[in-house]
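Number of protein chains: 2
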Amino acid sequence: MIEHGLNMDRQLLISAIIEHAAAQYGSQIVSSRETHGPIHRYTYRECARRSRRLAQALRRLGLQPGDFAATLAWNNHRHLEAYFAVSGSGLAIHTCNPRLHLDQLAYVLDHAGDTALLFDATFAPLVAALAPRCPRIRHWIALCERAHMPPLEGLPGLLCYEELIAPETGQYAWPDLDERTAAALCYTSGTTGHPKGALYTHRALILNALTVTTPGILSLAAEDSVLPIVPMFHINAWCIPYAAPIAGSALVLPGPRLDGAALYEMMESERVTRSAGVPTVLLGLLQHVESHELELSTLRRICSGGSLVPASLIAKYAERGIELLQGWGMTETSGVATMTCLTADEAGGPQAERCGLTAKQGRTPFGVEIKVVDEDGRTLPRDGTSQGELMIRGQWIVSGYYKSETSPIVDGWLRTGDVATIDANGILQIRDRIKDLIKTGGEWISSIDVENVACNHPSVAQAAVIGVRHPKWQERPLLFVVRRPGHELARQQILDHLGAQLARICVPEEVIFLEALPVGGTGKVQKAALRAEYGDVFQ
Amino acid sequence: MIEHGLNMDRQLLISAIIEHAAAQYGSQIVSSRETHGPIHRYTYRECARRSRRLAQALRRLGLQPGDFAATLAWNNHRHLEAYFAVSGSGLAIHTCNPRLHLDQLAYVLDHAGDTALLFDATFAPLVAALAPRCPRIRHWIALCERAHMPPLEGLPGLLCYEELIAPETGQYAWPDLDERTAAALCYTSGTTGHPKGALYTHRALILNALTVTTPGILSLAAEDSVLPIVPMFHINAWCIPYAAPIAGSALVLPGPRLDGAALYEMMESERVTRSAGVPTVLLGLLQHVESHELELSTLRRICSGGSLVPASLIAKYAERGIELLQGWGMTETSGVATMTCLTADEAGGPQAERCGLTAKQGRTPFGVEIKVVDEDGRTLPRDGTSQGELMIRGQWIVSGYYKSETSPIVDGWLRTGDVATIDANGILQIRDRIKDLIKTGGEWISSIDVENVACNHPSVAQAAVIGVRHPKWQERPLLFVVRRPGHELARQQILDHLGAQLARICVPEEVIFLEALPVGGTGKVQKAALRAEYGDVFQ
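Protein chains in written order, with my numbering: chain A, 16 to 554; chain B, 16 to 554.
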């Protein structure tokens, strides 16, 4: 006599994702640009088989469940196989950001305790520099065939990926793990102090990925073809490498080339319907399309985040019939934590109102909750104006940092370090990073508000605002502008543009034109670098 | 020092669904047809508050976590509140099918151990008949205001829902349950023997509901408005009452009126974009729209299942720009287990091929696996022709029946009792119930194959085929036909139609025209009743 019955007690595991795709969408295509140039195409069925072979090979090398294996790789099919083979076999995949400083890379490889590193040939110089500093790494696996091996002769433990997996059968039974086992590890870019590790469980990645497939977020079905521009070393490419096989969508991995021309070519040849990336690369894609008078013939939706998505960019894509949705998330939230999700009333309202809403960071999907609190931790009203620190909790939010004394948790909620408002309909608006707020004459100014207005000027490609010490006002905003190619823009013109839309106190004290803004490992503007260089201009 | 960090360890709970909708889509509308006629509209915010008040009231009545509360109710807002209040507070909601025989109803209420029953006024006569047979039920709660109380004076424990929740504050903290706690209980319709109970966990219902929101299934976003025609007493309306607030979609509950005219009116007034129901009601809706020359101006997708969806019905809706997707599931699978999910290549292929694919039962979503096995339990090839019993396992499949000796599980897989094939692309086709297969002259005939061809005749509204004992051939197929209103159709015409498309052995021996087919509690054709009445016609 079974007293309860209930549903089967089965674990949510990364290995089940690729086996699902192989069983139900076995002929669906994964397209991948090789590091040496050409496009490689194969099916999920083949991807699953090669993932199993890699899992067998890693076991043969002596890697055990609980070990960590690192990657330094672009978005490509071998990196995808590593996603499934490493996590699926009970190890955790530590996706390293190659844009980190060498010291930081050496630090995170040591801190994670990685014993193997899989890398694309591009990063051979980095590997050569890291090897002497990373004695625990016994296996350096180049993600290529023998013919494309990078010149690293003499590196102990150097292996060729294709030769490594060649002898394996692909007849491998994935272990039946607990879904709360660690599956992947990402480090924050660490603008202050050491990078901190966010360790994700199988369960969290799957719940996040399943949510990414829903129509409110990326909307992935078997009819779709999705190209994640966001790197697989950046918060697991917002879980798209898991979401695509969950949905049965074709997956398009752009390799090392993320310029507008390369992305455009791949989007057209692979009939891409969905994409995701930071605003900068989307701007590059748009500029390429505009300047060559091209059409994005199949693309219909893009999710963006990582920094504020300019309203003008949303409008430009909308003119081409492409929805550009804005979201918010961070390494600590395993990817997407909010996304523009308008109701029929909101979407059908006057254009100005709709644009106002799409310029915000949107709503949390089921599984994640947010609140804003004042300095004493009291919850502030959801009125769209009460501004405080954003706190978050939920299924795919971390509970702490890997092997760290630093706790970002207060009463079960993660402190984000972002200043935000939430309106009565639950829509989040990020106002600033706490440390980027500008205190001037006793008032707080949001640097993002000013950047927002600056970016809407037609001649501005990018803008950044920092607070700079000022003898009279304590701090004053300083604006940096990168002009759009071929555009003229004078100091007074941009100041007049800002003056017409902002309170006088918010208009920057000075404007500095740059060729490019300094960006860090994740493509975000490094305000710390700007402060270091320009912090004394008003003294 | 936190060694692991990992993601927060939070449970997937039904109570979180309505709180999510209240927090993120607080102004979104739930429309509900009252049992006495008018349409009631309120927001998710109000729904959450009233659900909390009901939870408080049930506690006040003495119901404790682990108890069972039953419902006999249509799809309406009070039933929805019961979904959240009962499961959310740690009880399990037992949704009874009012179309079951009175003896079966008394049996399931006793077997479940229900101590309260919430019912719509429609079912007052049923309640009057059940009360003397159900001594364990202490509270009979009529889902209405005082003004609409049914005439049940003298029934001990009779309560008015609105009066019951009126004194409560709605200030209630949902308990933090284990996600593997029982949340809901449905009984099979029990064509042979007693009905058997499928007991669902919070986790299983949520994973199923989240999957229902994905673009491959119902595709629910905040812009959508969804009307579940499938009753909330039938496998939790395929989890749509959970899926809509998860997605932030508007929810439209049609109450007792499921005729074409009533459904059409509500679909238009509430701007419904998504719906779901069995083929019979979808046929009724289409006939109403056709005969009154109307337009379904907002509806874009319908999911159907429960019995074979005729290709002609899919085509008729397609002409109106409405996708009619076909799925398969059963009480034991907590709802959807497969759905038409075509890749771009399949959807873009020649129309005949596409129609062939949409006429099948589709693919499993992530979280569910299928196989077909022969009589010795050996897995058969996925070739689209090897036919065997369908076996299923996954996140929302039951592991047994509630308080039952009968186990439907073999080696971790649930036996479905359906005969099916799976093709090389993973697409399922149900061939028959094992017990409905017809054995004639040593060959097996699928009754569904024959019904399929019969239904595609333009003058056929419904068709059913059973095997009938035959002195020479052991069994021969007997066809029952319901003609479309206003259509003529003679015996020889339908036999010719079948003879042109089927092997001679499959052409029915005789045709019987009926005004209607006998249907059971869940709206399915009762072949057992047909066999009982016509089983001897060839003797």
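All residues carry an ideal CB built from backbone N, CA and C; glycine is no exception.
Note that the structure is a prediction, hence the values are computed from the model and not measured.
Straight-line gap, residue i to residue j (C-alpha atoms, nearest Å)
i: residue 63(B); j: residue 29(B); result: 12 Å
i: residue 14(B); j: residue 477(B); result: Any property of residue 14(B) remains undetermined from this structure, which presents chain B solely from 16 to 554.
i: residue 113(A); j: residue 433(A); result: 26 Å
i: residue 138(B); j: residue 110(B); result: 13 Å
i: residue 233(B); j: residue 228(A); result: 13 Å
i: residue 120(A); j: residue 198(B); result: 48 Å
i: residue 505(A); j: residue 373(A); result: 30 Å
i: residue 567(B); j: residue 17(A); result: Here chain B comprises residues numbered 16 to 554, so residue 567(B) is not present and cannot be evaluated.
i: residue 72(B); j: residue 183(B); result: 7 Å
i: residue 219(B); j: residue 65(A); result: 31 Å
i: residue 147(B); j: residue 360(A); result: 50 Å
i: residue 487(B); j: residue 341(B); result: 38 Å
i: residue 525(B); j: residue 70(A); result: 60 Å
i: residue 539(B); j: residue 414(A); result: 49 Å
i: residue 49(B); j: residue 96(B); result: 14 Å
i: residue 285(B); j: residue 240(B); result: 7 Å
i: residue 337(A); j: residue 301(A); result: 11 Å
i: residue 21(A); j: residue 221(B); result: 14 Å
i: residue 80(A); j: residue 106(A); result: 5 Å
i: residue 225(A); j: residue 90(B); result: 28 Å
i: residue 518(B); j: residue 543(B); result: 26 Å
i: residue 270(B); j: residue 160(B); result: 16 Å
i: residue 256(B); j: residue 246(A); result: 37 Å
i: residue 14(A); j: residue 532(A); result: Residue numbering for chain A in the displayed model covers 16 to 554; residue 14(A) lies beyond these limits and cannot be assessed.
i: residue 103(A); j: residue 190(A); result: 7 Å
Supposed contact pair residue j and residue i - C-beta distance, whole angstroms, cut 8 Å
i: residue 84(A); j: residue 108(A); result: 6 Å
i: residue 26(A); j: residue 194(A); result: 4 Å
i: residue 262(A); j: residue 291(A); result: The Cβ separation is near 14 Å, so there is no contact.
i: residue 332(B); j: residue 309(B); result: Their Cβ separation, rounded to whole angstroms, is 14 Å, which puts residue 332(B) and residue 309(B) out of contact at 8 Å.
i: residue 354(A); j: residue 169(A); result: Wrong, their Cβ atoms sit about 48 Å apart, outside the cutoff.
i: residue 314(A); j: residue 287(A); result: 6 Å
i: residue 523(B); j: residue 494(B); result: 4 Å
i: residue 122(B); j: residue 209(B); result: 6 Å
i: residue 530(B); j: residue 497(B); result: 7 Å
i: residue 347(A); j: residue 412(A); result: 7 Å
i: residue 253(A); j: residue 350(A); result: 4 Å
i: residue 541(B); j: residue 552(B); result: With 8 Å as the limit, residue 541(B) and residue 552(B) do not qualify as a contact, their Cβ atoms being about 17 Å apart.
Sequence-distant residues of its chain with Cβ nearer than 7 Å to residue i (five each side left out)
i: residue 436(B); result: 387, 399, 400, 401, 402, 444 and 446
Chain-order list of residues whose beta-carbon lies under 6 Å from that of residue i (same chain, five-residue window excluded)
i: residue 470(B); result: 325 and 478
i: residue 101(B); result: 84 and 108
i: residue 394(B); result: 386 and 388
i: residue 276(A); result: 303
Other residues of its chain near residue i: CB distance less than 8 Å, five sequence neighbours each side excluded
i: residue 430(A); result: 404, 406, 423 and 424
i: residue 294(B); result: 319, 321, 322, 323, 324, 325 and 328
i: residue 441(A); result: 378, 379 and 397
Subject >> Contacting positions in the region 413 to 428 of chain B - beta carbon closer than 8 Å to chain A >> reply: 413, 414, 415, 416, 417, 418, 419, 420, 422 and 427
Original post:
If contact means a Cβ-Cβ distance below 9 Å, which residues of the region 233 to 263 of chain A contact chain B?
Top reply: 234, 235, 236, 237, 238, 239, 240, 260, 261, 262 and 263
Original post:
Looking at chain A, which residues of the region 339 to 354 of chain B have a Cβ within less than 8 Å of any of its Cβ atoms?
Top reply: 349
**OP:** May I have a chain-ordered list of the alpha helix (DSSP H) segments no shorter than 4 residues that lie completely inside the region 221 to 272 of chain A?
**Re:** 250 to 253 and 255 to 262
**OP:** Would you list, in sequence order, the uninterrupted alpha helix (DSSP H) runs of no fewer than 4 residues that lie entirely inside the region 141 to 221 of chain A?
**Re:** 176 to 180
**OP:** Please list the residues of the region 190 to 215 of chain A that have a C-beta atom closer than 8 Å to any C-beta atom in chain B, keeping them in chain order.
**Re:** 195, 197, 212, 213, 214 and 215
Subject >> Chain-ordered residues of the region 16 to 43 of chain A with a beta carbon less than 8 Å from chain B >> reply: 16, 17, 18, 19, 20, 21, 22, 23, 24, 25, 27, 31, 32, 35, 38, 39, 40, 41, 42 and 43
**OP:** Let me know the alpha helix (DSSP H) ranges lying completely inside the region 326 to 389 of chain A, each 4 residues or longer, listed in chain order.
**Re:** 326 to 334, 359 to 362 and 366 to 373
Original post:
Any residues in the region 356 to 373 of chain B with a beta carbon nearer than 9 Å to a beta carbon of chain A? Which ones, in chain order?
Top reply: 356, 357, 358, 359, 360, 361, 362 and 363
Subject >> Interface residues of the region 430 to 446 of chain A facing chain B [CB-CB below 8 Å] >> reply: 439, 440 and 441
Subject >> the region 136 to 170 of chain A: positions lying closer than 8 Å to chain B by Cβ >> reply: none
**OP:** With 8 Å as the C-beta to C-beta threshold (strictly closer), list the residues of the region 106 to 118 of chain A near chain B in chain order.
**Re:** none
Original post:
Going along the chain, which unbroken runs of the alpha helix (DSSP H) with 4 or more residues stay wholly within the region 46 to 97 of chain A?
Top reply: 59 to 75
Subject >> Members of the region 389 to 410 of chain B that neighbour chain A once the beta carbon cut-off is set at 7 Å >> reply: 408, 409 and 410
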